[in-house]
Structure formats: structure tokens, C-alpha cells
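Numbering (the UniProt record's numbering), first residue to last: 1 to 549.
Next comes the structure, spelled out in C-alpha cells:
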């Protein structure tokens, strides 16, 4: 960054760097200069004077100009070259003057005592600013004590991102644990942090046991300020085999160096709490639903319809886990409350996640926490959204399909994308009383394009997961499943509080493709055919509860 030094224009030199201290501007009086004399005439006169002077000195016995007498040489030069001598004397005086000012400034840091006080104050300001000219680095002598004027300080206020933010820690089996959380993305992208696991027994006299650790970043690079980290800790044997209790301690290091780290207790097992049977089949549920972060304004009607449909679809040995990231209004909670009281659903409050800037309401964090929290709770864990409905093509049952897929760790599910506003113009229908999937009957039939998939997984065989599938599993994945299981996707309907039907197509649209938004839509009433069954199931199941309107 360039600097300008305030000084008189007559003292500026555009071809040089600014100096540490400007020259003093001194007022000098001058008499009227004599009439100019030609240079040749002046030189000839000086040469005649020099020869006469030397001849006179020889006669008087005075040593010549080259005899070695320094004083004599100076006097001779002063007499023979009066103009040049005057200029030299003036220069010496100015040098001594400026050296004295420089010396005074170093001792007292006072302003220049000459007439140009404004210029001196400006220069002093630059010396104390963040843009000290480089020339001053060489002009100022080094100090042996205390910081110099060019010693810069870096003051820290607050923290940009935490090294690790823990959401949960869980036993992953007899000898393994998982800690799920967030971490500073720049630290993991540009640095090399690492973790160390240690089990500290509660039993007196027992030594801590160190386990092998590794960590996974499962959010596919989508993280923002924070990225998701799953730390796996594996010990040679069960560290709490005697069930005496203990603590899992995690050391989080900032870099490969062992010097700087954070130490905290990630998990604690009280004496007698370890139960090895929970890691073996049969499990509590056949099917578990892990929902992503619920945010924004959600339609209570659509949540009601979704919950009634899937509790019917998955059967009585199923459970649903929702994560409230700010989308659970009082009306939405009222819809889910009967299912919570029946033990069919759990609603977890994760609204504090908004303090940590991760991808899409930290949904990668949420699904990984749910995966490990309920790792041994069910045979299969499903991951999809509340505007998506799992569907079995005719002739398939859920039990037969899952049995056929049992040799795979996970399988993905292809979608049927549905219009969120196209409905059939049928005067015999009262659409205000119909459910969403009962009246939104037009499917996007575009082919040759990729459509997002959702998936189900045997969670006990996975170490981390994603939104659309897992890349950290033991075993194989199956993707050719569209003839066995699919899902209907009613995109952009979950946040519509009013009537979703906004465009009505004539009855003839049942038998042809209908172009809207440059997409071909065809009539599909497979979900509509299930509506009466689902409504009957809801009335039967929630008969003792006040149902939402």
C-alpha cells in the first residue's frame, strides 16, 4: 500500500520513496542577485586568481596545495572556490540540523521543532498506522528491549468455528462406539485434525484403555462453516466387560502435533447399565423411520395424511422419529401428539442446530445421529421426507419385498414425481374434503433424466450415512428396485397451507399426456385408490383420541 508524506512541494521528490522524517522547511532571506556573468569569463578569472595565489604562497614559504597539510588545503580551497565552499558549508549545517532532529525524535518521540509542525504530525501518524512505509524499516535502528514501532499485534476476539460440536455418542456394539457431531470445515479441509479415544473405568485401580479411532466426513462436501464428523472408536475387547461402568473420553487434536487438543467425556455408562442382548436380534421394531430436519411452515393436513398412511404401510412394529428444526407449529404437534402417546412416534427438538451453519438445517448431522442412536432398534431403517409416500406396486407385500432384499445392506427407491397443483376437473368431487394424495393425480412422465432416490438400510452394518444413500457400509447395495418398491413425491406441497389444487384439467386428460411447465404429465390414481383404507385405519387406531379436523 502506498503512502504519501505531507510536505512542501519544493521538497517532494517523485522519484524516491518517502522518508521517515520530512526535512524542515526553513525561511531564508535573500538579497537581490548580481547581474549574471558568463561561465567562460568566470572560469578564466578563477584560473588567473589560482595561479597568482600559488605564486604568492611559494614566495612566502607557505606549503602548496598538495603538500599534505589538510587545513591548508581547506583554506586554499575556500579562498580559491568561494561559491562551492559556501554550498558545502551550508550542506554540512543542514545535515547536522536534521541529524539533531532525528536524534531528538528517537529519544522523546516528540514532534519536529522546526516550522513545519503539520508535516511532522502527519508523518508521526503514519509511523503508528498499519501502513508504515518500508523505508522506515531500514532507517530506524534495531531496539534490544521492548517492541519497536513496526512490531504488529494480532488480537483475537471470539471464535469463528468450534473444533468439535457433539450431538450424540452411542455404543455401536460390544467393543465399538460412535460420536456424532459437527466440526470446523476449514480445519478439516485445510488442516489435519485427528482424534484419540480412551476408556476410563470407574472401578478403582483400573487403568485407562486406549482404542483405535478413525473419523468419517459423510456430507459429501456440502458442509458450510461446519461439516459433519462421525468418530468411530474401537477397542480390542469390551472396555466395560465387568459392567462396573466408565467413561468414554475423546481427545480432539487441532493438527498432527500432540501439543494442542480438546479433551471431553463423550459418553458415560453407569455401573450395571451395559446390556449386551440389545445388540442381537430380534430387535424392538421391524421398521424405523428417520426423518430429516423439519423447518419452515408445515401444513398440519399434509403431516396428518402422511403419518396415517405410513403407520398403516409399515404396520404395528414400526416407529417414526421426527426432528423439529423450527417447523413444528402447535397445530403440527397436535397432529402428531396421538401417535406419540401411542408410542408410534418420537419428536426430538433440534432447534438449537441453527447456531451452527451447516448444510440445509444440518440434515446430514441429523440422519447420522438417528442412524447411530437407533442402530440396533430395527431390522431396517428408512430415510425419506414427509412429502414422499412409499408405495408397493400391485402384487407385492412389504414383508416379501424386504425378505427378498435381506442379503443387501441397503437398497435405493425410485420416485414417481407428482404435480403439486394439477387436479382433475370433476364436478362430482368435493376436493375441499379430500386428502392431498387423493386429488393430486398427475405424474411427471419425463424419461431419460435423473431423479433423486431415497433408501432403506440395515443400520447395524453402516458406520455413517447420507441423505440419499450410504457410502460407509459393510455389504452390497441394490438399486434395481423399481418393480418392487417406489415412492410418490409430492414436491412443494408440504408447505402449502391452503388448497393445493390450482389448475384443473378436463376429463379427457386421463388418457393423454398433458404439457405444463414443459413437462408431460399423465393421470395416475394408484394412491387415490388407497385413500378410503387409510382413513378407516386412522379412525380405528385413533378412536380414543381427538383427531384433527
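Glycine is no exception: its CB is placed at the ideal position from the N, C-alpha and C atoms.
Sequence-distant residues of the same chain with beta carbon closer than 8 Å to residue i, five excluded per side
| i | result |
| --- | --- |
| residue 298 | 327, 328, 329, 332, 386, 494, 495 |
| residue 528 | 437, 438, 439, 441 |
| residue 89 | none |
| residue 368 | 180, 218, 228, 230, 464, 465 |
| residue 159 | none |
| residue 511 | 523 |
Sequence-distant residues of the same chain with beta carbon closer than 7 Å to residue i, five excluded per side
| i | result |
| --- | --- |
| residue 217 | 188, 227, 228, 229 |
| residue 535 | none |
| residue 214 | 232 |
| residue 270 | 245 |
| residue 392 | 398, 401, 485 |
| residue 356 | 165, 182, 226, 362 |
| residue 268 | 247 |
Pick from the options that is closest to residue i, judged by C-alpha positions
| i | options | result |
| --- | --- | --- |
| residue 280 | 478, 173, 490, 516 | 173 |
| residue 405 | 335, 482, 368 | 482 |
| residue 201 | 193, 242, 147 | 242 |
| residue 349 | 167, 89, 155, 364 | 167 |
| residue 434 | 480, 530, 506 | 530 |
| residue 456 | 514, 443, 470 | 470 |
| residue 254 | 278, 164, 338 | 164 |
| residue 277 | 208, 261, 171, 190 | 171 |
| residue 513 | 446, 273, 152 | 446 |
| residue 444 | 192, 237, 415 | 415 |
| residue 194 | 449, 259, 153 | 259 |
| residue 519 | 449, 504, 543 | 449 |
| residue 317 | 296, 336, 292, 345 | 345 |
| residue 477 | 413, 506, 515 | 413 |
| residue 177 | 339, 239, 544, 539 | 239 |
| residue 161 | 184, 149, 282, 283 | 184 |
| residue 517 | 422, 468, 84 | 422 |
| residue 375 | 426, 91, 473 | 473 |
| residue 507 | 175, 418, 155, 429 | 429 |
| residue 552 | 521, 262, 203 | The displayed coordinates of the chain run from 1 to 549. Any statement about residue 552 would go beyond what the structure contains. |
| residue 451 | 147, 426, 532, 417 | 417 |
Helix, strand or coil at residue i according to DSSP, with G and I counted as helix
| i | result |
| --- | --- |
| residue 139 | Reliability of the predicted coordinates at residue 139 is poor, the pLDDT of 45 falling under 50, and no value is obtained from them. |
| residue 89 | helix |
| residue 167 | strand |
| residue 238 | coil |
| residue 404 | helix |
| residue 66 | Only weak support is given to the placement of residue 66: the predicted model assigns it a pLDDT of 43, under 50, and the question is left unresolved by the model. |
| residue 190 | helix |
| residue 302 | helix |
| residue 534 | helix |
| residue 173 | coil |
| residue 529 | helix |
| residue 225 | coil |
| residue 370 | helix |
| residue 524 | coil |
| residue 280 | coil |
| residue 210 | strand |
| residue 497 | coil |
| residue 424 | strand |
| residue 134 | A caution first: residue 134 carries a pLDDT of 38, below 50, which makes its placement in the model unreliable, though a value can still be read off. Of the three classes helix, strand and coil, the one that applies to residue 134 here is coil, per DSSP. |
| residue 363 | helix |
| residue 181 | strand |
Supposed contact pair residue j and residue i - C-beta distance, whole angstroms, cut 8 Å
| i | j | result |
| --- | --- | --- |
| residue 325 | residue 371 | With 8 Å as the limit, residue 325 and residue 371 do not qualify as a contact, their Cβ atoms being about 17 Å apart. |
| residue 396 | residue 484 | 6 Å |
| residue 420 | residue 491 | 6 Å |
| residue 359 | residue 223 | 6 Å |
| residue 296 | residue 323 | Not really, about 13 Å apart at Cβ, beyond 8 Å. |
| residue 212 | residue 237 | The Cβ separation is near 12 Å, so there is no contact. |
| residue 308 | residue 545 | Actually they do not touch by this definition, with Cβ atoms about 12 Å apart. |
| residue 454 | residue 383 | 6 Å |
| residue 336 | residue 347 | 6 Å |
Sequence-distant residues of its chain with Cβ nearer than 6 Å to residue i (five each side left out)
| i | result |
| --- | --- |
| residue 362 | 353 |
| residue 266 | 169, 179, 248, 250 |
| residue 388 | 487, 489 |
| residue 198 | 208, 210, 249 |
| residue 479 | 412 |
| residue 140 | At residue 140, the pLDDT of 49 sits below 50, so the modelled position is not reliable and the matter cannot be decided from this model. |
| residue 314 | 287 |
9 Å Cβ cutoff, residue i in contact with chain B
| i | result |
| --- | --- |
| residue 325 | Any reference to chain B falls outside this structure, which holds one protein chain only. |
Any non-hydrogen atom of the ligand GTP closer than 8 Å to residue i Cβ
| i | result |
| --- | --- |
| residue 334 | The ligand GTP is not part of the structure shown, which contains no ligands of any sort. |
Tell me, please, whether the stretch 296–310 touches the stretch 489–505 by the rule of three or more beta-carbon pairs shorter than 8 Å.
yes
Quick check: the stretch 286–294 against the stretch 373–384, are at least 3 beta-carbon pairs closer than 8 Å?
yes
At least three beta-carbon pairs within less than 8 Å, the stretch 460–470 to the stretch 399–411
yes
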